[in-house]
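Peer 1: I have a structure I would like to understand better, so I am pasting it below and will then ask my questions one at a time.
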Amino acid sequence: MDSLIRVENLIQEFPVKQGILDSYKIKGNKLVREKKAVHAVNGVTFEVYPGEAFSLVGESGCGKSTTAKTIIRLLNPVSGHIYYRDQDISQLKAGQMLPYRKKMQMIFQDPYASLDPQKTIKNIIMEPMLFHKTAKTKEEAEEKCMELLQKVGLRPEQASRYPHQFSGGQRQRIGIARALAVEPEFIIADEPVSALDVSIQAQILNLMMDLKDEYGFSYLFIAHDLSVVRHISDRLGVMYLGCIVELGSKKDVFENVAHPYTKLLFSAVPTVGEEPIVPPVKLEGEIPNPINLPSGCVFHDRCPDCREICKTIRPQLKEIAPGHKVACHLFE
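Just so you know, we're using my numbering here: the sequence shown kicks off at 44 and counts up by one.
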């Protein structure tokens, strides 16, 4: 099957502002200016297929959200390639990106900050329809708006209200309706339930999956909650310090945990009355500074199975079973 989204060796960095004294170093009797950067995404490669729910999972700060924002071109990549149906969009200018904007939408983590507080819900949902011409007239846009509100579990008479008049769960439903307004093929959901009460999370997740089945679009789901990932994903990638260390189907990754970091991540999941996914893993050390990435494997400073080769050579994703890939020298 041809991929809908293909990401190849994606790199994203952010320059670090330095004082004059900090930016110059003496090297070989010469005064050299060193430019420092936060290495947020470091050579990420994966694919998302039509109708699929693909998740990126990892602890906070590992680069999941930055990867998502770069894919949708809210951030310009430093290097690497982003393909939408085999069309390279990684270096397109703002005007050239317009045809792809309505095909790719995003549901943000904070359902209040992502909604314009000065506009009614009706205007928030209708605006992208009229801009991208998925509705020809205001009357058609209003009719579609009312249908979408009902699809996401809100009443049409609530359309004239403002975002501050809704609860967090209702705001996220509005965000979902806005994303669906332009009939996208690909939706990035950036931790869409992490700011919601546990009782509301399941409702929103089930709604999102029902809408995926009805409309046939694909998800890139960003999360750090493994129970959420297990519920919603078809395939997933595990990220650590800007790198994907394990990639595979939900069944492969949860039932045949391979990478030492994935084992660590899964061992931290609390369980009540059931066996843990993996036995407890002893962890040492701290997460390295993303400004000065370690040589070799980015996890070698904390890995209980570290070898000499891990300290000098960075492992590449290699297939250990059909569709199941791991970046670890233990499997070479």
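Ideal placement from N, C-alpha and C gives every residue a C-beta, glycine not left out.
Near Val271, what residues of its chain come up, given a Cβ to Cβ distance below 6 Å and the 5 sequence neighbours on each side ignored?
Peer 2: Cβ within range, chain order: n/a, list empty.
Peer 1: Is the segment 284 to 293 close to the segment 327 to 347, with three or more CB pairs under 8 Å?
Peer 2: At 8 Å Cβ cutoff, the stretches touch.
Peer 1: Decide if Met147 is buried, meaning its Cβ has at least 16 other Cβ atoms within 10 Å, or exposed.
Peer 2: Classification for Met147: buried.
Peer 1: Could you check whether Ile164 and Gln201 sit closer than 8 Å to each other, using their CB atoms as the reference points?
Peer 2: In contact: Gln201 and Ile164 (Cβ atoms closer than 8 Å).
Peer 1: Hey, is the segment 92 to 109 in contact with the segment 274 to 282, meaning 3+ C-beta pairs nearer than 8 Å?
Peer 2: A contact exists between the segment 92 to 109 and the segment 274 to 282.
Peer 1: With H, G and I counted as helix, E and B as strand and the rest as coil, what does DSSP make of Thr110?
Peer 2: It is helical.
Peer 1: Is Leu239 helix, strand or coil by DSSP?
Peer 2: Three-state result, Leu239: coil.
Peer 1: Identify whether Phe174 lies in helix, strand or coil by the three-state DSSP scheme.
Peer 2: Helix at Phe174.
Peer 1: For Glu289, which residues does DSSP report across the bridge?
Peer 2: Answer is Val281 and Val369.
Peer 1: Cys188 and Ile168: beta carbons closer than 8 Å?
Peer 2: Yes, they are a contact pair.
Peer 1: Once the 5 residues before and after Lys354 are set aside, which same chain residues still bring their CB inside 7 Å of it?
Peer 2: These residues qualify, in order along the chain: Ser338, Gly339 and His343.
Peer 1: Could you check which residue in Lys78, Pro154, Phe309 and His82 has the C-alpha nearest to that of Ile206?
Peer 2: First, the residue type needs correcting, since residue 206 is Pro and not Ile in the sequence shown. Out of Lys78, Pro154, Phe309 and His82, Pro154 has the C-alpha closest to the C-alpha of Pro206.
Peer 1: Once you ignore the five residues that flank Asp159 on each side, which residues in its own chain have a CB closer than 7 Å to its CB?
Peer 2: Within the same chain, Asp159 has close Cβ partners Ile167.
Peer 1: How long is the line joining the alpha carbons of Glu185 and Leu197, rounded to whole angstroms?
Peer 2: Between Glu185 and Leu197, the C-alpha separation is close to 15 Å.
Peer 1: Measure the C-alpha to C-alpha separation of Val84 and Thr110 and round it to an integer number of angstroms.
Peer 2: Taking the straight line from one Cα to the other gives about 6 Å.
Peer 1: Do you know how far the Cα of Glu234 is from the Cα of Asp268?
Peer 2: Approximately 9 Å between the Cα atoms of the pair.
Peer 1: For Leu336, report the span of its alpha helix (DSSP H) as first-last.
Peer 2: Run containing Leu336: none; DSSP gives neither H nor E here.
Peer 1: Leaving aside the five residues before and after Arg214 along the sequence, list all residues of the same chain whose C-beta is less than 8 Å from its C-beta, in chain order.
Peer 2: These residues qualify, in order along the chain: Pro154, Tyr155, Leu158 and Pro206.
Peer 1: Can you list, in chain order, the residues of its chain with a C-beta nearer than 6 Å to that of Lys145? Leave out the 5 residues immediately preceding and following it.
Peer 2: Contacts found: His175 and Val225.
Peer 1: Cβ atoms of Gly366 and Asp295: under 8 Å apart, would you say?
Peer 2: A contact, by the Cβ cut-off of 8 Å.
Peer 1: Sort Val195, Val321 and Ala245 by Cα distance to Ile217 and report the nearest one.
Peer 2: Selected option, being the one with the closest Cα: Val195.
Peer 1: If I follow the unbroken alpha helix (DSSP H) through Ile275, where does it start and stop?
Peer 2: Unbroken alpha helix (DSSP H) run through Ile275: Leu269 to Ile275.
Peer 1: By how many angstroms is the C-alpha of Glu375 removed from the C-alpha of Val87?
Peer 2: Each residue's alpha carbon lies about 20 Å from the other.
Peer 1: Relative to the alpha-carbon of Pro142, which residue among Gly123, Arg116, Phe151 and Pro120 has its alpha-carbon at the smallest distance?
Peer 2: When only C-alpha atoms are compared, the closest one is Arg116.
Peer 1: Can you tell me which of the three DSSP states Ser210 falls into?
Peer 2: Of the three classes helix, strand and coil, the one that applies to Ser210 here is coil, per DSSP.
Peer 1: Is it right to say Arg221 is buried, meaning 16 or more other beta carbons lie within 10 angstroms of its own, or is it exposed?
Peer 2: With 16 or more Cβ atoms within 10 Å of its Cβ, Arg221 is classed as buried.
Peer 1: When the Cα atoms are used, what is the spatial distance from Tyr378 to Pro227?
Peer 2: Outside the shown range of the chain (44 to 375) lies residue 378, about which nothing can therefore be said.
Peer 1: Could you give the DSSP three-state label for Ser98: helix, strand or coil?
Peer 2: In this structure, Ser98 counts as strand in the three-state DSSP scheme.
Peer 1: Looking at C-alpha atoms only, which residue of Leu308, Leu373 and Glu51 is the closest neighbour of Phe89?
Peer 2: Checking every option, the nearest Cα to that of Phe89 belongs to Glu51.
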